[in-house]
Structure formats: C-alpha cells, structure tokens
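Colleague:
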Amino acid sequence: CLVSVIKPHVGYSCCSNCPSPFSKSLRTKELFLLSSFAGFPKCGTEQFVCNNGRCVPLNLRCDGVDECGDSSDEISCLNCTSGSFHCVAAARCVPSRSVCDGRPDCSDGADEQLNTCAPTCARSQFRCTNGRCVPNSGRCDNIKDCEDGSDEENCGI
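Per the working numbering, the very first residue in the sequence shown carries number 462; after that it's consecutive.
Right, dumping it as structure tokens:
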C-alpha cells in the first residue's frame, strides 16, 4: 500500500482502506521510517530539489541544461522577454534598465554581479580581473592601470 504512493520530497500518503495487516499505527510507523530514510537527500536553502531527489545549486535551475538528470530543473521556467533579465532565484523577470544599476532587484543579487555587469572590452582594451577595461597600451608597462594590478600579471610569457 505505501510503496505505490510514495513521492520523494513531495509528501507521503497512504490509502485509508489498506488491508487489515496494515493497521493505522503500522502505517504511521512506516511513514516515519520512510520520511527519515537516508536515501533521500535533504537539500539546502540554496539548492533545488529535483523530482528524482537529487539536489542541484539553485542558480543552475532554468539555465537550459539538465543538471537533475530528469529535466525537472528545467520545468515551469519563466521565459523573460528580450528586454528583461531572468532572476532565477526569485523566478521573476526584471527590466533590463534595472540590471547593473547598483540596486539588486533579484533576491540573490544576480542582476548586479560581475559576470552580469562586467563590460565587454573593445579589441584595443584589456579586461582587468575586476571587469574594468583599460587600454592595451598599458599592459605590461610596469604601471598598474587596473586597480587589481592584473594588467601587469603574466607579462613574461
């Protein structure tokens, strides 16, 4: 009776009219044992619980890649329009004008993070480790043009 109705991380249920050997106390005890079964991992707050019980980082949900192995991390994803940014953690879209404006609109701040906000440097520029662009002419000239000094690294290669 129990085995056929168990759904990991969704909840347990049991038929109320199970055959007589399955008394209510036995069903309750078995449900307790199943709920504490080590085979079903407990995911952290920064993780998504896949339908198969696997835990994957929340920021990988709705990224177009099946990290779960059952594609459950790609189901019911919000499709943002081209003029907006997808906040995965908050499952919402924010207008592009709100991205990289110094005020986080996504609950995890993804709309203000370096990988989102760092400019693309022109061919005539070097991108510092902190994302800033400086002229290529300043690379390996023994003068720190990047605040982090990355324009003076790996110069002997």
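All residues carry an ideal CB built from backbone N, CA and C; glycine is no exception.
1. Beta-carbon separation of C561 and C541 under 7 Å?
2. Just to check my reading of the structure: N620 and A550 have Cβ atoms closer than 8 Å, yes? What is that Cβ distance to the nearest angstrom?
3. On the CB-based measure, 16 or more other CB atoms within 10 Å of its CB, does R522 come out buried or exposed?
4. Using only CA atoms, which one of H547, F546, G544 and D524 lies nearest to I536?
5. Return yes when the Cβ of C529 is within less than 7 Å of the Cβ of R515, no when it is not.
6. Use the C-beta contact count for C548: other C-beta atoms within 10 angstroms, 16 or more gives buried, fewer gives exposed.
7. So what does DSSP say about S545, is it helix, strand or coil?
8. Determine the closest residue to G570 out of R588, C589 and F546, with distance taken between C-alpha atoms.
9. On the DSSP letters alone, give me the boundaries of the beta strand (DSSP E) that C594 sits inside.
10. Consult DSSP for C578 and reduce its assignment to one of helix, strand or coil.
11. How far does the beta strand (DSSP E) with V526 in it extend, from its first residue to its last?
Modeller: This is what the structure holds:
1. The residue you call residue 561 lines up with position 100 of the sequence shown. The residue you call residue 541 lines up with position 80 of the sequence shown. Contact flag unset, no.
2. Residue 620 is absent from the structure shown; the chain starts at 462 and stops at 618.
3. As a position in the sequence shown, residue 522 is number 61, starting the count at 1. R522 comes out buried.
4. To locate residue 536, count along the sequence shown from 1; it is residue 75. Taking only the C-alpha atoms, the option nearest I536 is D524.
5. Against the sequence shown, residue 515 aligns to sequence position 54. Against the sequence shown, residue 529 aligns to sequence position 68. For R515 and C529, yes; Cβs fall inside 7 Å.
6. In the sequence shown, counting from the first residue as 1, residue 548 sits at position 87. Buried, by the Cβ-count rule.
7. As a working mapping, residue 545 is identified with position 84 in the sequence shown. Residue state, collapsed to three classes: strand.
8. Locating residue 570 in the sequence shown gives position 109, where the first residue counts as 1. Checked all of R588, C589 and F546; the closest Cα to G570 is F546.
9. For the purposes of this step, residue 594 is taken as residue 133 along the sequence shown, with counting starting at 1. Start and end: C594 to P596.
10. Your numbering for residue 578 matches position 117 in the sequence shown. Of the three classes helix, strand and coil, the one that applies to C578 here is helix, per DSSP.
11. Locating residue 526 in the sequence shown gives position 65, where the first residue counts as 1. Run containing V526: none; DSSP gives neither H nor E here.
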